[in-house]
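Asks: I have a structure I would like to understand better, so I am pasting it below and will then ask my questions one at a time.
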Amino acid sequence: MVDVCDIQVMKPLLAQHGFHFSKAKGQNFLIAPWVPRSIAEDAGVDESAGVLEIGPGIGPLTQQLCLRAGKVCAVELDSRLKPILDLTVGEFSNLEILWEDVLKLDVPALVKEKFPGLRPMACANLPYYITSPILTALLEADCFDSVTVMVQKEVAQRIAAAPGSADYGAFSVFCQYYAQPELLFDVPAHCFLPQPKVTSAVISLRTYRERPWKVDNEKTFFRLVRASFAMRRKKLSNGLASGFPELGKIGAAEVITAAGFDANVRGETLGIPEFARIAAEIDKRTGGQRR
Ligand code: SAM
Numbered sequence: 000m001v002d003v004c005d006i007q008v009m010k011p012l013l014a015q016h017g018f019h020f021s022k023a024k025g026q027n028f029l030i031a032p033w034v035p036r037s038i039a040e041d042a043g044v045d046e047s048a049g050v051l052e053i054g055p056g057i058g059p060l061t062q063q064l065c066l067r068a069g070k071v072c073a074v075e076l077d078s079r080l081k082p083i084l085d086l087t088v089g090e091f092s093n094l095e096i097l098w099e100d101v102l103k104l105d106v107p108a109l110v111k112e113k114f115p116g117l118r119p120m121a122c123a124n125l126p127y128y129i130t131s132p133i134l135t136a137l138l139e140a141d142c143f144d145s146v147t148v149m150v151q152k153e154v155a156q157r158i159a160a161a162p163g164s165a166d167y168g169a170f171s172v173f174c175q176y177y178a179q180p181e182l183l184f185d186v187p188a189h190c191f192l193p194q195p196k197v198t199s200a201v202i203s204l205r206t207y208r209e210r211p212w213k214v215d216n217e218k219t220f221f222r223l224v225r226a227s228f229a230m231r232r233k234k235l236s237n238g239l240a241s242g243f244p245e246l247g248k249i250g251a252a253e254v255i256t257a258a259g260f261d262a263n264v265r266g267e268t269l270g271i272p273e274f275a276r277i278a279a280e281i282d283k284r285t286g287g288q289r290r
């Protein structure tokens, strides 16, 4: 197996194929072998797993996934990488590479087609410029056992943040609605070629088989969450009145007290069950559109 993390091997190989890193495509490739190994191990990839990898690059994580998984389906946007991936991961019969933009894929349909009988997982060293849309698509697909990804450290901290903390925001609530986050380990910039300007971290999102909260109308719930953090330094009633103009100022204040909270409560202190209670109260008053 080609040692993809050995820059003495990879630099000449990349040069031979005239490959230049694309900043616009978020191309920072791993050159520290312990990182892809740890991601695959900590994600719990085994032969029962069907793994969707986003952005295989030159294949360091792909190799580690293919060594463990029942099947790996890797989606890569940059077809210039084809001859290099042929050399680094061409030997794996359990690998299929799709040369596509992950954001244009129907993820649930892909998982159903590619991983019958397998436990679907997602693993990736993500292109950072599209971290949020990719994570949104993976979690909303609602078909993975777990999503284990490398992201910017500060994004990982936001995803895992607790109510009331400075990092807690709408994206924390969104991710924690679907999955239980666990920060696994940090990855310093020197582990990549070229080096990014930020520290990275690997985070695991273990999706709930059954969610521990009841949300009748997700549309109202997520609209409420966005409204709450749009004015995070202000009282929730302000955010609510502005995000749900149909309630009016008085209605917004009433919703909060009817849901059992102090009129001065701030959205950033609320967890998912609390947001769910307020969302239910909003629906009671507005009829709650679902689409
Ligand atoms: N997995 C490799 C590694 O760890 O060294 C490469 C990771 S690099 C941070 C991100 C990869 O995602 C690049 O190979 C890039 O070309 C690819 N990529 C960027 N945008 C993409 C998209 N929209 N769909 C699929 N892959 C994409």
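Note that numbering that gives the first Met the number 0 gives residue 26 to position 27 of the sequence shown, counting from 1, and the numbers run on in steps of one.
Note that CB positions come from ideal geometry on N, CA and C, so glycine has one too.
Who are the Cβ neighbours of G242 in its own chain at under 6 Å, not counting the five residues just before and after it?
Replies: Your numbering for residue 242 matches position 243 in the sequence shown. Counting only Cβ-Cβ distances below 6 Å, and skipping sequence neighbours, we find A226.
Asks: Around the Cβ of K70, are there at least 16 other Cβ atoms within 10 angstroms (buried) or fewer (exposed)?
Replies: In the sequence shown, counting from the first residue as 1, residue 70 sits at position 71. Buried.
Asks: Within a Cβ cutoff of 8 Å, which residues of the same chain sit near Y207, ignoring the five residues on either side of it in sequence?
Replies: The sequence position of residue 207 within the sequence shown is 208, counting from 1. Answer for Y207: Y177, A178 and Q179, listed in chain order.
Asks: Could you check the C-alpha separation between A165 and F274 for me, to the nearest Å?
Replies: Counting from 1 along the sequence shown, the entry for residue 165 is found at position 166. Counting from 1 along the sequence shown, the entry for residue 274 is found at position 275. Taking the straight line from one Cα to the other gives about 18 Å.
Asks: Is the beta carbon of E75 within less than 7 Å of some heavy atom of the ligand PLP?
Replies: In terms of ligand content, the structure shown lacks the ligand PLP and carries the ligand SAM instead.
Asks: Is there a Cβ of chain C sitting closer than 8 Å to that of V101, yes or no?
Replies: This model lacks chain C altogether; it includes just one protein chain.
Asks: How about the segment 254-270 and the segment 228-243: do they share at least three Cβ pairs that are nearer than 8 Å?
Replies: yes
Asks: Can you tell which of M230, I249, C122 and R205 has its C-alpha closest to the C-alpha of R67?
Replies: If you number the sequence shown from 1, residue 67 lands on position 68. Of the listed residues, the one whose Cα sits closest to R67 is C122.
Asks: So does P126 have its beta carbon nearer than 7 Å to some heavy atom of the ligand SAM?
Replies: Your numbering for residue 126 matches position 127 in the sequence shown. It does: the Cβ of P126 is within 7 Å (strictly closer) of some heavy atom of the ligand SAM.
Asks: Whole angstroms are fine: how far does the CA of G163 sit from the CA of G58?
Replies: The residue you call residue 58 lines up with position 59 of the sequence shown. The residue you call residue 163 lines up with position 164 of the sequence shown. Cα-Cα distance, rounded: 40 Å.
Asks: I want to check one thing, is the minimum distance from the CB of L29 to the heavy atoms of the ligand SAM below 7 Å?
Replies: Walking along the sequence shown from the start, residue 29 turns up at place 30. Flag set: Cβ of L29 near the ligand SAM.
Asks: Just to confirm the assignment: which complete beta strand (DSSP E) runs, minimum length 3, are found wholly within the segment 0-41?
Replies: When DSSP assignments are scanned along the segment 0-41, no uninterrupted stretch of beta strand (DSSP E) that is 3 or more residues long falls wholly within it.
Asks: Flag this pair as touching only if the segment 139-158 and the segment 75-88 have three or more C-beta atom pairs under 8 Å; answer yes or no.
Replies: no
Asks: For F114, name the three-state secondary structure that DSSP assigns.
Replies: Sequence index remark: in the sequence shown, residue 114 carries index 115 (1-based). Correct three-state label for F114: coil.
Asks: Please report the residue range of the alpha helix (DSSP H) in which K248 lies.
Replies: Within the sequence shown, numbered from 1, the residue matching residue 248 stands at position 249. Start and end: G247 to A257.
Asks: Nearest to A188 by alpha carbon, out of M9, L97, V3 and N27?
Replies: On the sequence shown, residue 188 is found 189 positions in, with the first residue counted as 1. Comparing Cα positions, the closest option is N27.
Asks: Go ahead and pull the three-state DSSP assignment for N124.
Replies: As a position in the sequence shown, residue 124 is number 125, starting the count at 1. Three-state result, N124: strand.
Asks: What is the rounded straight-line gap between the Cα of P132 and the Cα of L102?
Replies: Counting from 1 along the sequence shown, the entry for residue 132 is found at position 133. Counting from 1 along the sequence shown, the entry for residue 102 is found at position 103. About 7 Å.
Asks: Return the chain-ordered list of same chain residues with a C-beta closer than 7 Å to the C-beta of V3, the five sequence neighbours on each side being excluded.
Replies: In the sequence shown, the residue the question calls residue 3 occupies position 4. Hits under 7 Å: M9, I57, G58, P59, Q62 and T87.
Asks: Taking a contact to mean a Cβ-Cβ separation below 8 Å, would you say L104 touches C72 in this structure?
Replies: What you label residue 104 is simply residue 105 of the sequence shown in a count that begins at 1. What you label residue 72 is simply residue 73 of the sequence shown in a count that begins at 1. No, Cβ-Cβ distance for L104 and C72 is not below 8 Å.
Asks: Which residue's Cα is closest to the Cα of S199: L117, L192 and A155?
Replies: Position 200 of the sequence shown, counting from 1, holds the residue named residue 199. For the residues L117, L192 and A155, the minimum Cα distance to S199 belongs to A155.
Asks: Closer than 6 Å by C-beta to T130: which residues in its own chain qualify, once you throw out the five before and the five after it? Chain order, please.
Replies: For this step, residue 130 is matched to residue 131 along the sequence shown. Answer for T130: V150 and V154, listed in chain order.
Asks: Work out the CA separation of P119 and E112 for me, nearest whole Å.
Replies: For the purposes of this step, residue 112 is identified with residue 113 of the sequence shown, where counting begins at 1. For the purposes of this step, residue 119 is identified with residue 120 of the sequence shown, where counting begins at 1. Taken atom to atom, the span from the alpha-carbon of E112 to that of P119 is near 11 Å.
Asks: How about P115 and W212: are their beta carbons less than 8 Å apart?
Replies: The residue given as residue 115 occupies position 116 in the sequence shown. The residue given as residue 212 occupies position 213 in the sequence shown. No. Outside cutoff.
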